[in-house]
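Asks: This is the structure, below, for whatever I ask next.
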Amino acid sequence: MRAFVGDCIYSPQSSQLLAWSAVLTASIGLVACSAPRQPTNAPHTRTVLVSNAPPVYVVQRGDTVSAIASRYGLDYRQIGALNGLDSNYTIYPGQRLRLTNQRSVSTAAPRPVYNTPRTTAPIVAGTPRPMPNTMPTGMPNNTPNWTAQTWLRPVSGNIIRGFDKSANSLGMWFAAPAGTAVRAAQAGTVLYVGSDLPEYGRLVLIQHSNDYISAYAHLGNILVQEKQTVQAGQTIANVGYAPSINQSALEFQIRYRGTPINPAQFVR
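Going left to right, the sequence shown walks through residues 1 to 268 as full-length UniProt numbering numbers them.
Right, here's the structure in full:
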């Protein structure tokens, strides 16, 4: 199945609905041999951004990756690469997107003119700063031990399709009779309720801290509303019909910082 939202938690066709880079730097100190001198003009620096786009953009309802890229004069593929988006460029409201690899250029004013004789100062190399740990896009270096997390099975039923990113199946499918209770897999806040994505039918998204979001698709009756706090195991909806597989079923997804992960690592 397709990911959370093509251009958005949605797909590129829908109107609806976090890559790090590191730089090794070294510090250099100057040791002066003469008495203090007062410059006639003080140096200053300024920061020049490579792009006029903000470093981070918070997705709003109705946004798409292509629209965001167009707004800031960017390539939508660059946004996808920076944020580890899937092939459908799935995003969702509230998601924080990196728009550019921000860097700054320090520009100093002309060297100050001193009234005292010029003295040559020896250059003393400082201790190089350690290079920060880096990880590829979509794989944070502080990824928790997922198997240690406690998540509840969202519905009673057999698993009929598992997670397979190569086949664009980004969650688990549970077969269950229509009307079967669907429960929140973990406590959180309802982020989205709606049916703006045809391929997901009626959909509920729950935010679990700043890192995790769970999705419950192809629902029947929905019993929660946006911004509502829910507890683990609380009934949030009932199973509905999934036209793509021609039966009643629940499609369940989990994302860690926007990256699809295998729910089987959480749900037993």
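Even for Gly, the Cβ is constructed at its ideal location relative to N, Cα and C.
Owing to the predicted nature of the structure, the values given are computational and were not obtained by experimental measurement.
Buried or exposed for alanine 167, please, with buried defined as at least 16 other CB atoms from any protein chain shown within 10 angstroms of its CB.
Replies: Exposed, because fewer than 16 other Cβ atoms sit within 10 Å of the Cβ of alanine 167.
Asks: What whole-angstrom Cβ distance do glycine 188 and glutamine 207 have, given they're in contact under 8 Å?
Replies: Their Cβ separation, rounded to whole angstroms, is 5 Å, which keeps glycine 188 and glutamine 207 in contact under 8 Å.
Asks: Could you compute how far the alpha carbon of alanine 215 sits from the alpha carbon of phenylalanine 174?
Replies: Using only the alpha carbons, I get a separation of about 13 Å.
Asks: Output the distance between the C-alpha atoms of tyrosine 256 and asparagine 210, rounded to the nearest integer angstrom.
Replies: Each residue's alpha carbon lies about 9 Å from the other.
Asks: Report yes if the C-beta distance between leucine 152 and arginine 202 is below 8 Å; otherwise report no.
Replies: Taking 8 Å as the Cβ cut-off, leucine 152 and arginine 202 do not qualify as a contacting pair.
Asks: Rounded to whole angstroms, what is the Cα-Cα separation between proline 263 and glutamine 253?
Replies: If I take the Cα positions, the gap works out to 7 Å.
Asks: Please go through the same chain and pick out, in chain order, the residues whose beta-carbon is closer than 7 Å to the beta-carbon of aspartate 75, but skip the five residues on each side of it.
Replies: Counting only Cβ-Cβ distances below 7 Å, and skipping sequence neighbours, we find Ala69.
Asks: Helix, strand or coil: which one does DSSP assign to glutamine 263?
Replies: Correcting the residue type first, residue 263 is proline in the shown sequence and not glutamine. Residue state, collapsed to three classes: helix.
Asks: Along the alpha helix (DSSP H) that carries glutamine 78, what are the first and last residues, could you check?
Replies: Glutamine 78 -> alpha helix (DSSP H) spans 76-83.
Asks: Answer yes if the segment 153-160 comes into contact with the segment 186-200, meaning at least three C-beta pairs across the two stretches below 8 Å, and no otherwise.
Replies: No, the segment 186-200 does not touch the segment 153-160.
Asks: Can you check whether the CB of glutamate 251 is closer than 8 Å to the CB of alanine 242?
Replies: Yes. Within cutoff.
Asks: Quick check on DSSP: helix, strand or coil for valine 65?
Replies: Three-state DSSP puts valine 65 in a helix.
Asks: If valine 267 and valine 230 are in contact, beta carbons under 8 Å, what's the gap, nearest whole angstrom?
Replies: Valine 267 to valine 230, Cβ: 17 Å. No contact.
Asks: Taking the beta strand (DSSP E) that asparagine 158 belongs to, which residues open and close that run?
Replies: Here the beta strand (DSSP E) through asparagine 158 covers 158-161.
Asks: Quick check on asparagine 221 - is its C-beta less than 8 Å from some C-beta in chain D?
Replies: Reference to chain D is not applicable here, since this structure consists of a single protein chain.
Asks: Thinking C-beta only, is glycine 220 closer than 8 Å to valine 193?
Replies: It is not a contact, given that the beta carbons lie outside the stated cut-off.
Asks: Starting from the C-beta of alanine 185, find all residues in its chain whose C-beta is less than 6 Å away, skip the five residues before and the five after it, and write them out in chain order.
Replies: Taken in chain order, the residues that qualify are Trp151, Leu152, Pro154 and Ser214.
Asks: Could you work out which residue in Val204, Gln265, Ser244 and Gln247 is closest to tyrosine 92 when comparing CA atoms only?
Replies: Closest option to tyrosine 92, Cα to Cα, is Val204.
Asks: At which residue ranges does the segment 162-223 contain complete beta strand (DSSP E) runs of 3 or more residues, listed in the order of the chain?
Replies: Counting only runs of 3 or more, we get 172-175, 181-183, 188-194, 203-208, 212-217 and 219-222.
Asks: Tell me whether asparagine 101 is buried or exposed, calling it buried when 16 or more other Cβ atoms sit within 10 Å of its Cβ.
Replies: Answer is exposed; the Cβ neighbour count stays below 16.
Asks: So, at 7 Å on beta carbons, what are the nonlocal neighbours of glycine 258 in its own chain, with the 5 sequence-adjacent residues on each side left out?
Replies: Around glycine 258: Leu18, Asn83, Gly84 and Gln95.
Asks: Quick one: using the 10 Å Cβ neighbour count with 16 as the cut-off for buried, is arginine 77 buried or exposed?
Replies: Exposed is the call here.
Asks: Just list the residues that DSSP pairs glycine 240 with in beta bridges.
Replies: Answer by DSSP bridge pairing, in chain order: Ala249.
Asks: If you draw a straight line from the C-alpha of alanine 53 to the C-alpha of serine 87, how long is it?
Replies: Rounded to the nearest angstrom, the two C-alpha atoms are 23 Å apart.
Asks: Please report the Cβ distance between histidine 218 and alanine 249, rounded to the nearest whole angstrom; I am assuming they are in contact, meaning their Cβ atoms lie under 8 Å.
Replies: 6 Å between Cβ atoms; contact.
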